[in-house]
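J.: Numbering (the working numbering), first residue to last: 3 to 390.
Built from N, CA and C at the ideal position, the CB exists for glycine as well.
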Ligand code: FES
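And the structure:
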């Protein structure tokens, strides 16, 4: 973080804290000296409930097609106002597909200001073997009601933690959290600059091209560079977004690097980013699971202990333990699917699992006590696990 950002950040903090304390005292002094009888009547609980609702019932208000490759879904809420979020966060949807109950997370592409006006947008890209994304693309229609949980996620700009210049590296549909950030910057809701390095295989695969160009034209805080890995076209960088491309376009002075995209991007950048010699705190990742190598597919059994009941299910060594559970119709609390949120935390009673490099986000105590995050580990033997 630059000196300027630290001084500004501390100063803003002091002003905001004094303002908050003064308003709180005024509010307390003017309150009635009678306690509400129900906890729901406490103002703080009402605010907390609206920011972090247990779940939200959303209605699909419109669908926008992006050629053959993706669709954007727009949602409104029939009842309560939509929960607010920070640009970069995601929504987790709960779906019932056949006998399976599954959850999947999608970054919110719309801006926080749009949520205040009653709208969320997510974008779903068609991927090979995409069980849930294919289901959504083939089945969701305007007027359908769906269930989502409160927005979550840490790929957000925080002036106390991050440099005020963000270099964002997006791969494929990993563009959506940065579209939200660009919109928030243009609307004056985020006070950082954004240099967006958007990697796609060909120019046909670029999502939101017109809007990204228009945002960059309107705001001098937004710069967009397209990088094509599989085609050599004029006006584009050629290759992958690595250390050289980042150095070429990064602003002068300090900058944070935010990365969102598939596991392959993580693997590539893992080797590239050390060349930039940046402190770890300036690098933030949100990656979709890289998946286990497909070279040793085997079938194992998982004995699942769930609230005192036991069930034995089959699991493939190339699917996550969470996928095996969901496929078998066992509902597991899960949100991020990247190992970060801890919602799916379960006890590994016996057996061995494989966790791809970089995807083990467990607390040290959990590692020592034998807890796992089923969303990012793969069976390497028969397992016994306790969930919930
Ligand atoms: S779903 Fe978040 S850690 Fe598993």
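Between 65, 312, 25, which lies nearest to residue 74 when the distance is taken from Cα to Cα?
T.: Of the candidates 65, 312, 25, the one whose C-alpha sits nearest the C-alpha of residue 74 is 65.
J.: Do you know offhand how far residue 133's Cα is from residue 100's?
T.: Taking the straight line from one Cα to the other gives about 12 Å.
J.: Is residue 68 close to the ligand FAD? I mean its beta-carbon at under 7 Å from any heavy atom of the ligand.
T.: As for the ligand FAD, it is missing from this structure, which binds only the ligand FES.
J.: When you compare only the Cα positions, how much space is there between residue 303 and residue 62?
T.: Rounded to whole angstroms, residue 303 to residue 62 spans 39 Å at the Cα level.
J.: Which first and last residues belong to the beta strand (DSSP E) in which residue 226 is found?
T.: It spans 224 to 230 - the beta strand (DSSP E) in which residue 226 sits, taken as one unbroken run.
J.: Let me know if residue 5 comes out buried or exposed under the rule of 16 or more other beta-carbons within 10 Å of its beta-carbon.
T.: Reliability fails at residue 5, whose pLDDT of 46 lies under 50, so the model's placement of it is uncertain and no value is given.
J.: Sorry if obvious, but does the Cβ on residue 379 come closer than 7 Å to a heavy atom of the ligand FES?
T.: No, the ligand FES has no heavy atom inside 7 Å of this Cβ.
J.: Hey, out of 268, 256, 299, whose CA is closest to residue 283's CA?
T.: Measuring from the Cα of residue 283, the nearest candidate turns out to be 256.
J.: Kindly indicate the opening and closing residues of the beta strand (DSSP E) around residue 263.
T.: It spans 258 to 263 - the beta strand (DSSP E) in which residue 263 sits, taken as one unbroken run.
J.: Quick one, what's near the ligand FES if you take every residue whose CB is closer than 6 Å to any heavy atom, in chain order?
T.: Selection output, chain order preserved: 336, 337, 338, 339, 341, 342, 343, 344, 345, 346, 375, 377.
J.: Measure the C-alpha to C-alpha separation of residue 267 and residue 273 and round it to an integer number of angstroms.
T.: If I take the Cα positions, the gap works out to 10 Å.
J.: Starting from residue 123 and walking both ways along the beta strand (DSSP E), at which residues does that stretch end?
T.: Taken as a continuous stretch (DSSP letters only), the beta strand (DSSP E) holding residue 123 covers 122 to 127.
J.: Taking 8 Å as the threshold (C-beta atoms), are residue 322 and residue 314 in contact?
T.: Contact: no.
J.: Look up residue 194 in the DSSP assignment and say whether it is helix, strand or coil.
T.: Residue state, collapsed to three classes: coil.
J.: DSSP state of residue 380, grouped into three classes?
T.: Reduced to three states, the DSSP call for residue 380 is strand.
J.: Using the C-alpha atoms, what's the distance from residue 151 back to residue 373?
T.: Roughly 24 Å between the two C-alpha positions.
J.: Beta strand (DSSP E) containing residue 303: first to last residue?
T.: Here the beta strand (DSSP E) through residue 303 covers 301 to 308.
J.: Given 8 Å as the limit, is there contact between the region 85 to 100 and the region 150 to 169, that is, 3 or more CB pairs closer than that?
T.: With a cut-off of 8 Å, the region 150 to 169 and the region 85 to 100 count as touching, because enough Cβ pairs lie within range.
J.: Could you check what DSSP says for residue 33 in three-state terms: helix, strand or coil?
T.: Three-state result, residue 33: coil.
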